[in-house]
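Residue numbers (my numbering): 785 to 1608.
Contents: one structure, followed by commentary.
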Amino acid sequence: MKHQLFLFCFLFFSVFAQAQITGKVTDTEKRPLQNVNVYVEGTFTGTTTNASGEFKLNIELAKSQVLIFKFLGFETERRTLEKNETYLEVQLSEKVTSLDDVVITSSEDPAYAIIRNAIAQRKENLAKIKEFKADFYSKGLWEIQNAPKKILGQEVGDLGGGLDSTRSGVVYLSETVSKIAYKAPNKFKERIIASKVSGNDRGFSFNSAEDFNFSFYENTIDLGNNLVSPIADFALSYYDYELVGTFYDNDKFLVNKIKVIPKRPNDIVFSGHMYILEDTWEIYGIELKTTGKSLQIEVVDEINLNQTFKYSEENAFWALISQDISFSWGIFGVSGGGDFVASYQNYDFNPGLTSKDFNNAIIVFEKEANTKDSLFWKKNRPVPLTSLELKDYAFKDSIQTLKNSPAYKDSIDAVRNTFSLTDPVFGYSWQNSTTHREAGFTGLTDINNNTVQGFNIKSDVYFRQKDTAGTYRRFWELRSFFDYGFSEEKLRVYGKWTKKFNNFSRPFLSLSGGTKLEEINSTNPINERLSTLASVFFERNYLKLYETTFGEVSYSQEVFNGLRMSAAFKFERRRALINSTNSPIIPNENGGFTANNPLAPQDFGSLLFPSHNIGKLRIAGELNFDQEYVLTPNGKYNTYSNKFPVLSFLYEKGMASDLKDYHFDLLKVRLTQTKTLSRFGELAYSLNGGLFFNADEISFLDYKHFAGNQTRIGTSENYLNQFNLLPYYALSTNSHYADVHVEHNFKSYVLNKVPLLNQLNFNLVIGAKSLFTDARNPYSEFSVGLDNLGFGEFRFFRLDYVKPYQSGWQSGALIFGIKLLDQF
785 MKHQLFLFCF
795 LFFSVFAQAQ
805 ITGKVTDTEK
815 RPLQNVNVYV
825 EGTFTGTTTN
835 ASGEFKLNIE
845 LAKSQVLIFK
855 FLGFETERRT
865 LEKNETYLEV
875 QLSEKVTSLD
885 DVVITSSEDP
895 AYAIIRNAIA
905 QRKENLAKIK
915 EFKADFYSKG
925 LWEIQNAPKK
935 ILGQEVGDLG
945 GGLDSTRSGV
955 VYLSETVSKI
965 AYKAPNKFKE
975 RIIASKVSGN
985 DRGFSFNSAE
995 DFNFSFYENT
1005 IDLGNNLVSP
1015 IADFALSYYD
1025 YELVGTFYDN
1035 DKFLVNKIKV
1045 IPKRPNDIVF
1055 SGHMYILEDT
1065 WEIYGIELKT
1075 TGKSLQIEVV
1085 DEINLNQTFK
1095 YSEENAFWAL
1105 ISQDISFSWG
1115 IFGVSGGGDF
1125 VASYQNYDFN
1135 PGLTSKDFNN
1145 AIIVFEKEAN
1155 TKDSLFWKKN
1165 RPVPLTSLEL
1175 KDYAFKDSIQ
1185 TLKNSPAYKD
1195 SIDAVRNTFS
1205 LTDPVFGYSW
1215 QNSTTHREAG
1225 FTGLTDINNN
1235 TVQGFNIKSD
1245 VYFRQKDTAG
1255 TYRRFWELRS
1265 FFDYGFSEEK
1275 LRVYGKWTKK
1285 FNNFSRPFLS
1295 LSGGTKLEEI
1305 NSTNPINERL
1315 STLASVFFER
1325 NYLKLYETTF
1335 GEVSYSQEVF
1345 NGLRMSAAFK
1355 FERRRALINS
1365 TNSPIIPNEN
1375 GGFTANNPLA
1385 PQDFGSLLFP
1395 SHNIGKLRIA
1405 GELNFDQEYV
1415 LTPNGKYNTY
1425 SNKFPVLSFL
1435 YEKGMASDLK
1445 DYHFDLLKVR
1455 LTQTKTLSRF
1465 GELAYSLNGG
1475 LFFNADEISF
1485 LDYKHFAGNQ
1495 TRIGTSENYL
1505 NQFNLLPYYA
1515 LSTNSHYADV
1525 HVEHNFKSYV
1535 LNKVPLLNQL
1545 NFNLVIGAKS
1555 LFTDARNPYS
1565 EFSVGLDNLG
1575 FGEFRFFRLD
1585 YVKPYQSGWQ
1595 SGALIFGIKL
1605 LDQF
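Take a look at the structure:
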């Protein structure tokens, strides 16, 4: 009984020792103010107001509690809580800045001296915060207007119930509550204890503290493109400045409000205002924005960033307490926007962190993170929900309940599974939402042309079983592929069964077999669409094929973080082919088909190799050094980092052939990296090497072939994996080889400084590559080009002039790049 009485008293006083303060903040015109910082004086316990100006703050009762209301551009309000006062209405007036005490000279605006001091102190101010732990909260909201009913023929639907009759509404609403830790210079970890996604009680939010983890004390800010900070070491080359005025905040710190003006609006820059403290030259606040043109993401109209800092008397520095990122976008008459708010509370600047407190799991979701109930969120949500957000949660939660009902699933399946007259041509899909099964076929639209088959048509049918949650975290799939050549009058069929066992190490097991065509050049450098165009319109048949009848088993998984390994064994019978047609569809006087034998292009009856059997064992791996990842209860998700190169390696053994000369061993390695060089753009390189053993008389199929290009069309994002003017089989080898590719994309660094050209938002790209093979002179290519070509939102093109060198300079040519082609 004593213990029960003690527990009751403890709970009673614990509850009533806490108070929830709510209220609303407006300006002098009674308009609500969003993102006002509200915190307890002398602490880092606080919140921010929502779009309606409302706030909610849980505080401990004391004899006297003082709340601070701080908003950039407005006077800071200090409000002492009266006894039993739980609701506050606060009105903020716009801050009056003054230039009365500022000495203005005709030579230079006073802002420049302030900025120079801030630049000089940049590294010191960045280094002031050595480490911390803190509580973090974020909320993300995305909206869309005029959403289309279909995109590229695919139904868009109602986006989870978020669209109204005008095809507008909230498409994403999510919140997270987490614990974060930081240790200078770059150790960061986040443990998400609660995650909520509107309309998906199994979902995990993708907004996190890691997304907000950037500082204007750094020279550049990575927002998809590296933008120059207004106090970067080289900022004076990018910005002009104007001192708007000065003011003293409530703690008697002198603050300078500075207007940031880009010298070139389309450059990698921000515009807006920075608030810089006198004497220490620290950042007091940020009100900056940038555009889609600066980011080179044309679909984005504008991104606004706001940061507010608070002074820590104990540590004598300013720490970030709130951050807001809002954006707007538009394409094809569809538009939208969003807002991500972040709140930092309860800082501990002396937590005694060591390297053992950090690992490669930069974000970890607790097991029950997405199961927190409404009481948890009511207590721990520092920023109140707006009426729109409350409505969205309520509506989508009810919709989710409906959508999970068997009757609803059956009705939706009945509609989606309806067979139409055009389905035999364009494809058909079937699903059972209760058993999580899918089936279908891809239609009869994949039509191409080559001289081995003539016109040919491909299709496939599939059956797929997803996991009990209806996701691809675990699944198995059976798929059959069909390929019919009309001139050849032959159908080839093969099948493949694939199973994924879990979503952490991602083990895949595949069994496949049948008959299919393969390209003789195993790097598959020839895009089939381009090959068809070249064959039909230009009488050029670059695609050279052979037939394989095979059986294969393969397995892959992540062995440990950063290392993924795979092993495969294939036994096949390979058969050389000849052209089934040599007649052009559209004759071209500059064209002329060649034989399917790349070693005897004018001997149309010759075979490249005798038919034979061979077995191949392949063991491969890819090592991502210091790979970081996000860990959720549902799986492990690796994140891309360019800090270190990626190492790939392969061992291949040819065996069990009925022609023993075809046995061989091959070892290959590759090192690749794309490195961001601050404002100077991106440097990418690829180093490749290989060595054959016992391969003097092997089949030409097993030679190392290189990704050449004879079409004058580029099909990839960059050219690190191909030579732009090298014939496909000119330097194929069965000996040792090495090739080096280097490409530098200057992004905005060069052309944005050239008048007129800076309006086009093009990027200068330079490249060099060399190929070294046994008994041949090295082959090299040098290139200069323009990337990000196009108009408006459509920037899918690049143009390069390429000049080859091999024992002397050779004729150069223009390569027209269409980046989307490698997706088809």
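Glycine included, each C-beta is placed from N, C-alpha and C at the ideal position.
Everything numeric in this text was worked out from a predicted model, so none of it was measured.
Look at Ala1479 here: in three-state DSSP terms it is coil, with no helix or strand label. Counting other Cβ atoms within 10 Å of its Cβ, Ser1189 stays below 16 and is therefore classed as exposed.
Just so you know, the alpha carbons of Ile1196 and Lys1187 end up roughly 9 Å apart. Gly1297 is bridged by DSSP to Gly1279, Gly1335. Relative to the Cα of Gly1576, the nearest Cα in the group Arg815, Lys1094, Gly1076, Gln804 belongs to Gly1076. Three or more Cβ pairs closer than 8 Å define a contact, and the stretch 1217 to 1227 meets that threshold against the stretch 1245 to 1253. Between Leu1555 and Phe1507, the beta carbon gap of about 7 Å places them in contact (Cβ cut-off 8 Å). Rounded to whole angstroms, Leu1011 and Asn1040 show a C-alpha spacing of 23 Å. One thing to note: Ile1060 has its Cβ no nearer than 8 Å to the Cβ of Gln1091. Taking C-beta atoms under 8 Å as the contact rule, Trp1161 and Lys923 fail to qualify, at a distance of about 11 Å. Arg1324 places its beta carbon less than 8 Å from that of Gly1375. In the DSSP assignment, Val1320 falls within the alpha helix (DSSP H) that extends over 1312 to 1322.
Counting of Cβ neighbours within 10 angstroms places Trp1593 among the exposed residues, the total staying below 16.
Here Asp1449 is bridged, per DSSP, to Lys1437, Phe1477. Under DSSP, Pro1208 shares a beta bridge with no residue.
In the displayed model, Ile1196 falls within a helix according to three-state DSSP. Contact between Trp1113 and Asp1085 holds: their C-beta atoms lie close to 6 Å from each other, under 8 Å. Between Met1439 and Gly1399 the beta-carbon gap is near 5 Å, inside 8 Å, which marks them as a contact. Shown here, Pro1190 sits in a helix according to DSSP, grouped into three states. For secondary structure counted as the beta strand (DSSP E) over 3 or more consecutive residues, the stretch 1381 to 1419 holds these complete runs in sequence order: 1396 to 1408, 1413 to 1416.
Taken atom to atom, the span from the alpha-carbon of Glu1302 to that of Val1236 is near 12 Å. With fewer than 16 other CB atoms across the displayed protein chains lying within 10 angstroms of its CB, Lys1163 is exposed. Here the C-alpha atom of Glu1356 lies approximately 28 Å from the C-alpha atom of Thr1316. Burial is judged here by how many other beta carbons sit within 10 angstroms of a residue's own beta carbon; Thr1332 has at least 16 and is buried. With respect to Thr1030, Ser882 sits close: the two C-beta atoms are nearer than 8 Å. The Cβ atoms of Ile976 and Phe1149 lie closer than 8 Å to each other. Spatial neighbours of Gly1465 in its own chain (CB-CB distance under 7 Å, excluding positions within 5 residues in sequence) are listed in chain order as His1528, Asn1529, Phe1530, Lys1531, Tyr1533. Annotated three-state conformation of Gln1107 is strand, per DSSP. Using a Cβ distance threshold of 8 Å, Trp1260 and Lys1283 count as a contacting pair.
Its Cα nearest to that of Gly1269, the residue Thr1365 stands out among Gly830, Thr1365, Leu1205. Here Pro1588 is buried, its C-beta having at least 16 other C-beta atoms within 10 Å. Remark: C-beta atoms of Ile903 and Ile1015 approach each other more closely than 8 Å.
Each residue's CA atom was taken as its position, placing Ile805 and Gly857 some 24 Å apart. Residue environment for Glu844: exposed (fewer than 16 other C-beta atoms within 10 angstroms of its C-beta). Membership of Ser1078 in the alpha helix (DSSP H) is indicated by the continuous run 1076 to 1079. Contact annotation, Ser952 with Ala931: C-beta distance approximately 7 Å; criterion of less than 8 Å satisfied.
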